[in-house]
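> One structure is given below, represented as structure tokens, and several questions about it will come after.
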Amino acid sequence: MRNVVTIGCTITREKQMEQHYQKRWPEGAIVYHIYPRSLQDSDGDGIGDIPGIISRLDHIGSLGAEAIWLSPFYPSPMADFGYDVADYCGIHPIFGTMEDFDRLMAECGRRGIKVMIDLVPNHTSDEHAWFRQSRTSRNNDYSNWYIWRDAHETSPTGNPLPPNNWRDALTGGSAWQWDEGRGQFYLHSFDVKQPDLNWSNPAVRSAIKQAMRFWLDKGVDGFRVDAVYWMAKEPLLSDDSPNPSYVEGEDLRYDAVLHNNSRGWPAVYAYLSEMADVLKEEKYQDKLRFMVTEAYPDTHNPLAAYLAFYVGVDPEVAAPFNFEGVTLPWEAGSWRRFLRSFHHALEQFSPLCVPSYAFGNHDQPRLIDRLRSVGAARSAAVMLLTLPGMSFIYYGEEIGMRNVDIPPEYVQDPAAKGDPLRSIGRDPERTPMQWTAGKHSGFSDGDSTWLPLAPDYDQNNVEAQADDPKSFLTLYRRLGQLRITSPALRSGSMTIVDTASANVVGYIREHGSEAYLVLVNFCGEDATCRMNVTLRKLLVSSELETLLAADLGEEIVLRPHEAVVFAIDPQSRT
Ligand code: GLC
10 MRNVVTIGCT ITREKQMEQH YQKRWPEGAI VYHIYPRSLQ DSDGDGIGDI PGIISRLDHI
70 GSLGAEAIWL SPFYPSPMAD FGYDVADYCG IHPIFGTMED FDRLMAECGR RGIKVMIDLV
130 PNHTSDEHAW FRQSRTSRNN DYSNWYIWRD AHETSPTGNP LPPNNWRDAL TGGSAWQWDE
190 GRGQFYLHSF DVKQPDLNWS NPAVRSAIKQ AMRFWLDKGV DGFRVDAVYW MAKEPLLSDD
250 SPNPSYVEGE DLRYDAVLHN NSRGWPAVYA YLSEMADVLK EEKYQDKLRF MVTEAYPDTH
310 NPLAAYLAFY VGVDPEVAAP FNFEGVTLPW EAGSWRRFLR SFHHALEQFS PLCVPSYAFG
370 NHDQPRLIDR LRSVGAARSA AVMLLTLPGM SFIYYGEEIG MRNVDIPPEY VQDPAAKGDP
430 LRSIGRDPER TPMQWTAGKH SGFSDGDSTW LPLAPDYDQN NVEAQADDPK SFLTLYRRLG
490 QLRITSPALR SGSMTIVDTA SANVVGYIRE HGSEAYLVLV NFCGEDATCR MNVTLRKLLV
550 SSELETLLAA DLGEEIVLRP HEAVVFAIDP QSRT
């Protein structure tokens, strides 16, 4: 063990790194994203819950995860499966009790796992007490907490017509709902049961910040902040512009208009900064509390969209999700260009910027289905877990779960129900976790499960993969263990290097005397690279039949879709 000398005392290098990570834990952390309904059921109702999550923390730890993010567990009528919050400071009984949550915090604490929870600031449920009150009249304490407008005009048949052409993001229908009681429309950017809060009202901002403090007082380490672009609309609520490239019957109805006025106005950075300030309040200085914001860039310049968040909301405590792993084509040229410009831009702006890569989540098809290749999904895992910053693993990806066909009678997702073009909706990627070959795959011992299990669960599950060197799970665990023990992978520099192959992206992660070379072959054919580095050892390959194990010569021949991690000599780069 090497020692470093500091003024007045000698501490181990490991200890020093440890202290650094404790302070800036998002740097290099693997975050395991839990969809609470689907991880583990403990009481036989077929729906996952918090005690179930506690019972699976060791599995999560075995992936090298240092944090979890929980999708919403709040009281909710479940119109959008918890993203319609009826009480920001409670727990839905199907998920357990506040005591269960406290126990989760304690059990995570014991294992050194940080806890991030979902915060949904743009909208509440229509069953939230604030909305119930708001809709009673135009003149009450909560009347201005939501976005209410008079009808634009009345149709010839006497029906009130909505104030503008905005559409809801789930079904693509009008984002306005007529409320008989108030004789006005309210805005719902998502489901009709998710009325938008009025963020220009300081009382709303203050109430959400109070909800944050409730959970920070409980010790949570941060928030994943939902749907932030919608928090700030064009102040006059002007029409969105028509989308010139929209093809009716082919594109989502939502995209018939560009969303240039209904979301993404600059006030969003001011609102998020107010929230970030809560994380920095003196009371919460005991440890770093951090938030990751959900905003899919919808410009032709995603880099600028990401940077706007780093520049606009203090990067000491906040970072936007990087969704390129979801949106960018799986193609070497695009990735090389993006990685080069993104990491360069962050370094240039501030060393505090934490990249925050998610290659999947509860709104996106599973990786294997999106990339249409098992090999590509395996190499995506290598990339995700060797990139700088936070790396989010969506539950089930670690065993290569696939989208599950949902028979029409089981469809749950409001997005699938509302728009015929979204007929597969988001249920296929939300199915129960596959643990064993036993009843309901060990997910539940109830009579049924809230969504059907994958038909291949008896073959494809955690138990079956645990000791299989060829499995997804073995690959994820290997990468996770490598990452948590490696300062270079956690917080080392990131340099994109030339590989001499158009189809292979290469980068070096380096810290002190430790350096790794990562190579990702994006195509379905062999690729030959020539690198100006001295290879020490092959540490990981996404392919078991790699050609590389024996020979570390000048030419590196990668198999189709193979991704590898080499230890290299840090002195060797020129
Ligand atoms: C986010 C969530 C999604 C939800 C929507 C509305 O995009 O990830 O599941 O439907 O916000 O809250």
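Here this note's numbering is used: the first residue of the sequence shown is 10, the next is one more, and so on. Built from N, CA and C at the ideal position, the CB exists for glycine as well.
Taking the beta strand (DSSP E) that Met-125 belongs to, which residues open and close that run?
123-128
> In angstroms, rounded to a whole number, what distance separates the CA positions of Ile-482 and Gly-405?
The residue you asked about is not Ile; residue 482 is Leu in the sequence shown. About 10 Å.
> Using DSSP with H/G/I as helix, E/B as strand and the rest coil, what is Ile-415?
Coil at Ile-415, not helix or strand.
> Ala-236: beta carbon under 7 Å from a heavy atom of the ligand GLC?
Relative to the ligand GLC, the nearest heavy atom lies less than 7 Å away from the CB of Ala-236.
> Is the distance from the Cβ of Gly-334 to the Cβ of Tyr-366 below 8 Å?
yes
> Looking at the structure shown, is Leu-484 part of a helix, part of a strand, or coil, going by DSSP?
helix
> If you draw a straight line from the C-alpha of Arg-119 to the C-alpha of Ser-71, how long is it?
15 Å
> Measuring CB to CB, does Met-503 end up less than 8 Å from Arg-518?
Remark: C-beta atoms of Met-503 and Arg-518 approach each other more closely than 8 Å.
> So the alpha helix (DSSP H) Ser-215 belongs to, where does it begin and stop?
211-226
> Under the assumption that Leu-179 contacts Met-442 (Cβ atoms under 8 Å), give the Cβ distance between them as a whole number of angstroms.
That pair is no contact at about 25 Å.
> Where does Ser-522 sit, in a helix, a strand or coil, going by DSSP?
When secondary structure is reduced to three states using DSSP, Ser-522 falls in the coil class, being assigned neither helix nor strand.
> Just curious, the alpha helix (DSSP H) that Met-116 is in, first and last residue?
The sequence given here has Glu at residue 116, not Met. Counting along the chain, the alpha helix (DSSP H) containing Glu-116 begins and ends at 107-120.
> Could you give the distance in angstroms between the alpha-carbon of Gly-434 and the alpha-carbon of Gln-373?
9 Å
> Do the CB positions of Asn-131 and Asp-235 come within less than 8 Å of each other?
yes
> Rounded C-beta distance between Asn-210 and Ser-247? I'm assuming under 8 Å.
Cβ atoms of Asn-210 and Ser-247 stay farther apart than 8 Å, at about 20 Å.
> Is it buried or exposed for Gln-219, if we count other Cβ within 10 angstroms and need 16 for buried?
exposed
> Rounding to the nearest angstrom, what Cα-Cα distance links Tyr-83 and Met-540 in this structure?
Straight-line Cα distance between these residues: approximately 52 Å.
> Compare the Cα-Cα distances from Gly-427 to each of Asp-89, Asp-378, Val-301 and report the closest residue.
Asp-89
> Going by the C-beta, is Phe-82 closer than 7 Å to any heavy atom of the ligand GLC?
no
> Residue range of the alpha helix (DSSP H) that Val-542 falls in?
First-last for Val-542: undefined, no H or E at that position.
> Taking DSSP as the reference, what is the three-state secondary structure of Leu-548?
strand
> Just to confirm the assignment: which complete alpha helix (DSSP H) runs, minimum length 4, are found wholly within the stretch 266-295?
276-288
> Between which residues of its own chain and Lys-597 is the CB-CB distance below 7 Å, once the five residues before and five after are set aside?
Residue 597 cannot be examined here, being either before or after the span of the chain that is shown, 10 to 583.
> Could you check what DSSP says for Thr-336 in three-state terms: helix, strand or coil?
Helix, per DSSP.
> Roughly how many angstroms lie between the CA atoms of Ser-550 and Leu-376, to the nearest whole one?
18 Å
> Run the CB neighbour count on Val-301, radius 10 Å, all protein chains shown included, and call it buried at 16 or more, exposed below.
buried
> On the criterion of 16 or more Cβ atoms from any shown chain inside 10 Å, does Glu-407 qualify as buried, or is it exposed?
buried
> Among the residues of its own chain, which have a CB less than 6 Å from the CB of Ala-95, if the five just before and after it don't count?
Pro-84, Ser-85, Ser-134, Glu-136, His-137
> Compute the Euclidean distance between the alpha carbons of Leu-484 and Leu-394, then round it to the nearest angstrom.
10 Å
> Excluding five sequence neighbours on each side, which residues of the same chain lie with their C-beta closer than 8 Å to the C-beta of Pro-244?
Once the five neighbours on either side are set aside, the close Cβ partners of Pro-244 are Ser-209, Trp-274.
> If we ignore side chains and look at the alpha-carbon of each, how far apart do Pro-461 and Trp-224 end up?
CA-CA distance, Pro-461 to Trp-224, rounds to 33 Å.
> So is Phe-401 buried or exposed if we call it buried at 16+ other beta carbons inside 10 Å?
buried
> Under a Cβ-count criterion, where at least 16 other Cβ atoms within 10 Å of its own Cβ denotes burial, should Met-392 be classed as buried or exposed?
buried
> What distance in whole Å lies between the Cβ atoms of Trp-444 and Ser-450, which are believed to be in contact at a cut-off of 8 Å?
6 Å
> Got a sec? Which residues, its chain only, sit under 6 Å from Cys-18 by beta carbon, not counting five neighbours each side?
At Cys-18, the pLDDT of 40 sits below 50, so the modelled position is not reliable and the matter cannot be decided from this model.
> Quick one: is the Cβ of Tyr-92 within less than 7 Å of any heavy atom of the ligand GLC?
Tyr-92 Cβ: within cutoff of the ligand GLC.
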